[in-house]
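Protein chains in written order, with the working numbering: chain L, 125 to 272; chain D, 9 to 152.
Spelled out as structure tokens, the structure:
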């Protein structure tokens with residue numbers, strides 16, 4: 125428990141909550157513009173901003189708990205990511221049900237597809253950034269590496 | 009050699025620049041002294057206490073509150089704690105996970121891995137993991 129609640133994890137929890145909240149509000153903003161462009165009405169209920177914040181907070185807790193320890197093998201890393209993907213989807217589905225984010229099966233499938241797209245996009249972006257970091261590090265290592 | 013000394017306001021600003029035709033032994037010693045890093049570490053091997061040259065260390069690992077020092081082919085134990093060594097060994101020794109410090113100079117290459125980690129291949133082809141939390145610090149040590 126102490127390991128999960130370290131200061132660093134609380135900082136990550138706070139930052140992730142803000143990032144997810146911002147992302148979701150941005151998504152709703154885009155949705156509003158699209159609705160306006162196609163001539164449909166768009167109304168945001170009074171509780172939705174707080175619902176988004178709560179969902180972001182719970183999602184961040186899931187992330188912090190799932191990634192509390194570093195996986196030691198590639199297999200564990202894959203399992204952990206799959207678990208994270210499923211748990212986050214459950215959180216978002218439950219939030220969607222409680223806060224009326226979808227009113228039909230079609231809308232639910234649409235939300236699931238958007239979730240998959242955002243998750244995969246984030247993962248690919250992270251891997252790309254890490255690959256670039258690895259390339260830069262390998263270049264820099266050439267200058268300081270010991271000869272053996 | 010001309011020596012210039014200037015006063016600065018903070019520890020962070022302290023920098024030593026040595027301009028020389030070549031890196032002589034004296035200059036190498038001066039660099040070691042300025043970097044504040046020790047050059048030997050007391051270790052225990054098969055019950056015998058001895059000293060190990062810092063430059064031979066590949067990585068240091070803490071297991072069950074005991075600290076083990078790994079070289080190219082050998083493993084030693086030391087009484088020092090990981091956090092003490094992290095402070096003492098100088099900027100080329102990087103904390104790469106909660107329980108490990110790696111000598112950056114002994115890393116052959118790194119590659120990205122699932123879970124936002126880096127896998128470092130050492131000069132003796134051993135592989136160690138650099139946790140995602142320490143990648144930024146790693147880049148900082150390499151001035152990237």
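The beta-carbon is built from N, C-alpha and C at its ideal position, and this holds for glycine as well.
Contacts of residue i in chain D (Cβ-Cβ under 8 Å)
i: residue 235/L; result: Within 8 Å Cβ-Cβ: nothing; residue 235/L doesn't reach chain D, min ~26 Å.
i: residue 204/L; result: 123
i: residue 261/L; result: 118, 126, 146, 147, 150 and 152
Where residue i sits in the DSSP three-state scheme
i: residue 55/D; result: coil
i: residue 269/L; result: coil
i: residue 130/D; result: strand
i: residue 141/L; result: helix
i: residue 61/D; result: strand
i: residue 125/L; result: Below a pLDDT of 50, predicted positions are generally treated as unreliable, and residue 125/L, at 47, falls in that range; the measurement from the model is reported next regardless. Three-state result, residue 125/L: coil.
i: residue 67/D; result: strand
i: residue 168/L; result: coil
i: residue 145/D; result: helix
i: residue 33/D; result: helix
i: residue 137/D; result: strand
i: residue 150/D; result: coil
i: residue 194/L; result: coil
i: residue 121/D; result: strand
i: residue 255/L; result: helix
i: residue 14/D; result: coil
i: residue 243/L; result: helix
Per-residue contacts from residue i into chain L (C-beta, under 8 Å)
i: residue 131/D; result: 269, 270 and 272
i: residue 137/D; result: 194 and 196
i: residue 61/D; result: Those within 8 Å of residue 61/D in chain L number zero; the least Cβ separation is about 12 Å.
i: residue 105/D; result: 194
Neighbour list for residue i in chain D, Cβ cutoff strictly below 7 Å
i: residue 257/L; result: 143 and 147
i: residue 195/L; result: 123
Proximity of residue i and residue j at Cβ, strictly below 8 Å
i: residue 91/D; j: residue 52/D; result: no
i: residue 93/D; j: residue 68/D; result: yes
i: residue 135/D; j: residue 127/D; result: yes
i: residue 145/L; j: residue 176/L; result: yes
i: residue 152/D; j: residue 260/L; result: yes
i: residue 65/D; j: residue 104/D; result: no
i: residue 117/D; j: residue 262/L; result: yes
i: residue 216/L; j: residue 179/L; result: yes
i: residue 264/L; j: residue 150/D; result: yes
i: residue 86/D; j: residue 49/D; result: yes
i: residue 183/L; j: residue 214/L; result: no
i: residue 154/D; j: residue 35/D; result: An answer regarding residue 154/D cannot be provided, because it is not within the stretch 9 to 152 covered by chain D.
i: residue 112/D; j: residue 268/L; result: yes
Under 7 Å by beta carbon: chain L residues contacting residue i
i: residue 41/D; result: What residue 41/D touches in chain L: nothing, since even the nearest Cβ is about 19 Å away.
Contact set between residue i and chain L, taken where Cβ atoms lie within less than 9 Å
i: residue 99/D; result: The contacting residues do not exist; residue 99/D stays about 10 Å from chain L at best.
i: residue 113/D; result: 265, 268, 269 and 270
Cβ-Cβ separation, residue j to residue i (assumed contact under 8 Å), whole Å
i: residue 254/L; j: residue 120/D; result: 4 Å
i: residue 125/D; j: residue 132/L; result: So it is not a contact: roughly 17 Å between Cβ atoms.
i: residue 208/L; j: residue 227/L; result: The pair is not a contact, with the Cβ atoms about 28 Å apart (cut-off 8 Å).
i: residue 110/D; j: residue 97/D; result: Contact doesn't hold; Cβ gap of about 11 Å is too wide.
i: residue 166/L; j: residue 153/L; result: About 10 Å; that fails the 8 Å criterion.
i: residue 201/L; j: residue 123/D; result: 4 Å
Distance cut-off 7 Å: residue i Cβ against heavy atoms of the ligand PLP
i: residue 243/L; result: Among the components modelled here there is no ligand, and therefore nothing to report on the ligand PLP.
Within chain D, partners of residue i - CB distance below 9 Å
i: residue 254/L; result: 120, 121, 124, 125, 126, 140 and 143
i: residue 251/L; result: 120, 122 and 124
Contact list for residue i against chain B, beta-carbon separation under 8 Å
i: residue 201/L; result: Structure shown: chain B not included; protein chains present are L and D.
What residue ranges within the segment 72 to 119 of chain D form continuous beta strand (DSSP E) runs of no fewer than 3 residues, ordered along the chain? 74 to 78, 83 to 86, 101 to 105 and 108 to 111
| Ordered list of alpha helix (DSSP H) runs contained in the segment 198 to 232 of chain L, each at least 4 residues | 198 to 222
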